[in-house]
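Input: a single structure, listed below in structure tokens.
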Amino acid sequence: MRLKNRLSLLMIASTVILGYSNYANAAGSANGEIAVTLDVTAGCTVGVANDGQWGTLNFGTVSEIDNDINSTVVWNSGLNITCSNLLPYSLTFANGSNFDTTKNVRRLVYNTTNFIPYRLYKDAAYATEISSTAVDYTGTGTVDNVPIYGRILIDDQNALVAPAAGTYTDTVAVTLTW
Numbered sequence: 003m004r005l006k007n008r009l010s011l012l013m014i015a016s017t018v019i020l021g022y023s024n025y026a027n028a029a030g031s032a033n034g035e036i037a038v039t040l041d042v043t044a045g046c047t048v049g050v051a052n053d054g055q056w057g058t059l060n061f062g063t064v065s066e067i068d069n070d071i072n073s074t075v076v077w078n079s080g081l082n083i084t085c086s087n088l089l090p091y092s093l094t095f096a097n098g099s100n101f102d103t104t105k106n107v108r109r110l111v112y113n114t115t116n117f118i119p120y121r122l123y124k125d126a127a128y129a130t131e132i133s134s135t136a137v138d139y140t141g142t143g144t145v146d147n148v149p150i151y152g153r154i155l156i157d158d159q160n161a162l163v164a165p166a167a168g169t170y171t172d173t174v175a176v177t178l179t180w
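Residue numbers for the sequence shown, in my numbering: 3 to 180.
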């Protein structure tokens, strides 16, 4: 074969080999990264289903106050206090609508002139009374169960064992701060 034909044949063969080689190199992979971020701010949320009424303290039904009467705040099922895990927060309980500044005690009222004093406590032992100062808690990152206890003390009744019959009420505003 002549040199010219051999060169042509060699060129065709190398083109075919290079063509297959480039085609074979077309498959492959590449690696990379995606940056993922989330900013979490410390805070609390309150969900309530009943127009801002967070709970009820019901002392029941009595005809006379001859012993201390205890009760526990029942938080409405729509109330959810959720604070960031480890976030300090406070609940401040106002004095109520019928506070007696002379005796420094909250009072239930009936018919604007009949009063029954009562107290709020942070603990079931009734050792830590809640005044109008903040009660401190720490968030758990889940819905927090905040127990509040109420007590009508016979010693606060000024010897009035059988108050006037009626429904006695009070309203205590609660503020959540963090």
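All C-beta atoms, glycine included, are put in the ideal place defined by N, C-alpha and C.
All figures in this text were calculated on a predicted structure; none of them were measured in a lab.
Note on geometry: alpha-carbon atoms of residue 142 and residue 41 lie some 19 Å from one another.
In summary, residue 119 is buried, with 16 or more beta-carbon neighbours lying within 10 Å of its beta-carbon over all protein chains present. The alpha-carbon separation between residue 104 and residue 160 amounts to approximately 13 Å. One Cα belongs to residue 171, the other to residue 62, and the distance between them is close to 12 Å. The alpha carbon of residue 86 has as its nearest neighbour, out of 133, 44 and 57, the alpha carbon of 44.
From the listed residues 101, 33 and 54, the smallest Cα separation to residue 177 is found for 54. Rounded to the nearest whole angstrom, the CA to CA distance from residue 76 to residue 101 is 22 Å.
Less than 7 Å divides the Cβ of residue 137 from the Cβ of residue 124. Distance from the CA atom of residue 98 to the CA atom of residue 135, rounded to whole angstroms, is 13 Å. DSSP, read as helix, strand or coil, puts residue 154 in strand. Straight-line measurement puts the Cα of residue 149 at about 48 Å from the Cα of residue 35.
Residue pairing for residue 73: DSSP places it in a beta bridge opposite 152.
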